[in-house]
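Residue numbers for the sequence shown follow our numbering, so the first one is 295 and each next one is one higher.
Read through the structure below, which is laid out as structure tokens, and then see the notes.
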Amino acid sequence: MCDNFSFFGLYLSVFLMKHSLFVPVAALLFLLASCTKNSDSNTETPADTLALTYSVLKTLPHDQEAYTEGLLIYKGKVLESTGLNGKSWVAEVDPGSGVHTKKIMLDQQYFGEGISVINNKLYQLTYRTGVGFIYNATTYKQIGEFKFSNAEGWGMTHDNKNLIMSDGTEKLTYLDTANLSVVRTLTVTNEGQKLKNVNELEYVDGYIYANVYETSWIVKIDATSGKVVGRVDLSPLTEEVRRMYPNIDYLNGIAYDVNSKAFLVTGKNWPKAFLIRIQKPAVANP
């Protein structure tokens with residue numbers, strides 16, 4: 295159930311956005327925090343891995359042309375990066391309509407990947423060219439580029455000190471923001487086994503949340519040890535969208551809003567995005 299105040303606040307916010315009146319994304323996300331829907335956990339992972347539950351706070355529109363590679367919320371703005379040669383861009387997203395604005399288009403030769411913002415600089419990876427781009431996070435003007443030695447660039451986030459990138463393996467690479475050199479690498483493990491296909495990333499309070507490519511899982515990784523300490527199965531969301539749109543691709547894209555403590559998630563070429571809250575299962579009284 296949703297209380298009446300939350301619904302009123304939501305529709306008022308969407309109304310204002312449709313009429314070009316400024317409403318901070320953070321304020322919209324805060325108003326969404328009362329509508330919930332629970333999910334069952336995935337049983338394909340080991341039983342002693344902590345299964346996290348989630349609640350759907352709101353369903354939002356998403357640009358179905360967006361082959362999502364990166365998603366983040368920065369200073370109340372939703373930013374999204376997309377992939378595919380000739381269709382790669384970084385853009386602001388209007389959460390009320392899903393429309394992309396202020397696009398940064400990549401040249402045809404580049405397949406865009408993950409993004410992250412730190413120190414008012416927007417960093418973007420590319421897939422197999424070993425090149426990353428740096429933009430002013432306010433004006434979106436390109437101010438530099440960098441090279442990385444990983445065979446592929448996938449997801450990106452930061453821990454308020456270093457950039458953290460994935461490359462499709464079990465390895466996370468930490469980059470110094472001063473010169474983009476490698477500071478350390480971290481191996482992601484699940485029950486003692488290397489977890490490959492670690493994709494889009496989001497750092498939250500000492501943990502890295504990550505999409506696992508070609509699945510509907512988001513895993514919660516201890517940023518010190520690399521161990522998976524929790525996972526949430528979002529296959530009900532995937533199935534919900536696929537029933538209406540059979541040609542969607544995999545779940546990918548995870549952004550955290552510090553004000554509402556909720557995650558915005560979507561997928562490649564999905565027409566929907568979901569604002570969810572991830573939590574531990576309730577513990578029954580003995």
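Beta carbons are placed, not taken as given, at the ideal position from N, Cα and C, and that holds for glycine.
Worksheet item: Is the Cβ of Val350 closer than 8 Å to any Cβ of chain C?
Response: The chain labelled as chain C is not found in the depicted structure, where only one protein chain is given.
Discussion item. According to DSSP, simplified to helix, strand and coil, what is Leu531?
Written reply: helix
Worksheet entry | Sequence-distant residues of its chain with Cβ nearer than 7 Å to Asn446 (five each side left out) | First, the residue type needs correcting, since residue 446 is Glu and not Asn in the sequence shown. Closer than 7 Å at the Cβ level, and outside the excluded window around Glu446, lie Tyr421, Arg422, Asp461, Gly462.
Discussion item. Buried or exposed for Ser307, going by 16 or more other Cβ atoms inside 10 Å?
Written reply: Any answer about Ser307 is weak, because its pLDDT of 43 lies below 50 and its placement is not dependable; what the coordinates show is given next. Looking at its Cβ environment, which holds 16 or more other Cβ atoms inside 10 Å, Ser307 is buried.
Practice prompt. Keeping to the same chain, check which residues put their C-beta closer than 7 Å to that of Pro340; ignore five residues upstream and five downstream.
Written response: Because Pro340 carries a pLDDT of 41, less than 50, the predicted location of this residue cannot be relied on, and no value is offered for it.
Fill in: Spatially closest choice to Asn430 from Lys415, Asn454, Gly380, Lys455, by CA coordinates
Lys415
Fill in: Range covered by the beta strand (DSSP E) that runs through His394
394-399
Worksheet item: With burial defined as no fewer than 16 other Cβ atoms inside 10 Å of the residue's Cβ, what is the status of Gln487: buried or exposed?
Response: exposed
Fill in: Residue from Gln573, Thr560, Ser349 whose Cα sits closest to the Cα of Pro355
Thr560
Worksheet entry | Close-in-space but distant-in-sequence residues of the same chain around Val471 (CB under 7 Å, 5 per side omitted) | The amino acid occupying residue 471 in the given sequence is Thr; Val does not appear at that position. Closer than 7 Å at the Cβ level, and outside the excluded window around Thr471, lie Ile412, Asn413, Asn456, Leu457.
Item to complete: Could you tell me which residues DSSP puts in a beta bridge with Met459?
Response: Met450, Thr467
Worksheet item: Helix, strand or coil: how does DSSP classify Arg525 here?
Response: strand
Practice prompt. Using three-state DSSP, classify Arg422 as helix, strand or coil.
Written response: coil
Discussion item. Quick check: the Cα distance between Tyr507 and Asn546, rounded to an integer number of angstroms?
Written reply: 7 Å
Item to complete: Quickly, what does DSSP pair Arg571 with across the bridge? List them, please.
Response: Ser349
Fill in: Nearest-angstrom Cβ-Cβ length linking Ala360 and Asn505, presumed shorter than 8 Å
No, Ala360 and Asn505 are not in contact; Cβ-Cβ is about 15 Å, not under 8 Å.
Discussion item. Quick check on the DSSP output: the beta strand (DSSP E) that includes Leu366 runs from which residue to which?
Written reply: 362-368
Discussion item. Rounded to whole angstroms, what is the Cα-Cα separation between Leu469 and Thr362?
Written reply: 23 Å
Discussion item. With three or more beta-carbon pairs closer than 8 Å as the criterion, would you say the stretch 568-575 touches the stretch 395-409?
Written reply: no
Item to complete: Buried or exposed for Thr376, please, with buried defined as at least 16 other CB atoms from any protein chain shown within 10 angstroms of its CB.
Response: buried
Worksheet item: Is DSSP giving Tyr429 helix, strand or coil here?
Response: strand
Item to complete: Could you tell me whether the Cβ atoms of Thr483 and Val476 are closer together than 8 Å?
Response: no
Worksheet item: Hey, out of Met459, Thr451, Thr433, whose CA is closest to Asn444's CA?
Response: Met459
Item to complete: Closer than 6 Å by C-beta to Lys397: which residues in its own chain qualify, once you throw out the five before and the five after it? Chain order, please.
Response: Trp383, Ala385
Worksheet entry | For Thr509, the residue or residues it bridges with in DSSP | Partner(s): none; Thr509 has no beta bridge.
Discussion item. I need the boundaries of the beta strand (DSSP E) containing Glu494, first residue and last residue.
Written reply: 492-498
Worksheet item: Where does the unbroken beta strand (DSSP E) through Asn546 begin, and where does it stop?
Response: 545-551
Discussion item. Taking DSSP's pairing of strands, which residues face Ile409 in a bridge?
Written reply: Gln418
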